[in-house]
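Numbering of the sequence shown is given in this note's numbering, commencing with residue 944 and proceeding in unit increments.
First up is the structure itself, then whatever we jot down about it.
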Amino acid sequence: MIATLTLTSMLLNRAQDPMMPPVPKSELETVSFLKGRFSGKGQGVDMQGKTIKITSTSLGNLEMGRWMNITYTYDLGSMGKMEGRLIFTYNATKKMYEGTWYDSMSESPMAFTGYTEGKYFVANSPHVMMGEMAMDMKIVYAKESANHYKLSVKSRPEGGDWMTAMDMDYMRR
């Protein structure tokens, strides 16, 4: 009985434990527009620089009360299909979002830091190796409404000009 009461007390008072990092509720609420099921349409640029049509789905969840986990599927036309996962949270100590992008076409995960500004969530990942070339990557999410967001992926050779790799419109299903 005492063990049950102790365990219950620990679970209920966990948020007050000074040793536990604070849950970044307001920062995660800011990006909560990414939660749920969405269908996306847009366009991108293939490896030869040609424009391709893209269809996509996304499924976003808040996990463990701390992590946004978004799973994507893409049909990239002539480039084939790709699956990806974006996992991130807000680091209250560093006062920035931090996360990692994983996908089925890349040789390694892409770590990023991010921030919000108005309706935008911006994730930056400098020095991403693509083959033998180092690229800077920028992923910009724009909340258009509770049921609609836009996604733009931009890249540039380090120190070069930004180029749009993909622009997508996602609607809640």
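Even glycine gets a Cβ: it sits at the ideal position worked out from N, Cα and C.
Report yes if the CB atom of residue i is closer than 8 Å to the CB atom of residue j, and no otherwise.
i, j, result
"residue 986", "residue 1104", "no"
"residue 1045", "residue 1066", "no"
"residue 1028", "residue 1014", "yes"
Where does residue i fall in DSSP's three states?
i, result
"residue 1001", "strand"
"residue 1122", "The displayed coordinates of the chain run from 944 to 1116. Any statement about residue 1122 would go beyond what the structure contains."
"residue 973", "helix"
"residue 1020", "helix"
Assuming the contact rule is C-beta atoms closer than 8 Å, residue i and residue j should be a hit. Round their C-beta distance to whole Å, please.
i, j, result
"residue 967", "residue 1033", "4 Å"
"residue 1003", "residue 977", "4 Å"
Comparing alpha-carbon positions, which option in the options lies nearest residue i?
i, options, result
"residue 1019", "1013, 969, 1080, 1048", "1048"
"residue 1024", "1038, 1031, 996, 1005", "996"
"residue 1114", "1096, 1030, 999, 1005", "999"
"residue 1036", "982, 965, 1012", "965"
Can you list, in chain order, the residues of its chain whose CB lies under 7 Å from that of residue i, leaving out five sequence neighbours each side?
i, result
"residue 1064", "974, 1057, 1084"
Sorted by chain position, which residues of the same chain lie with C-beta nearer than 6 Å to residue i's C-beta, five sequence neighbours on each side aside?
i, result
"residue 1080", "1068, 1071, 1098"
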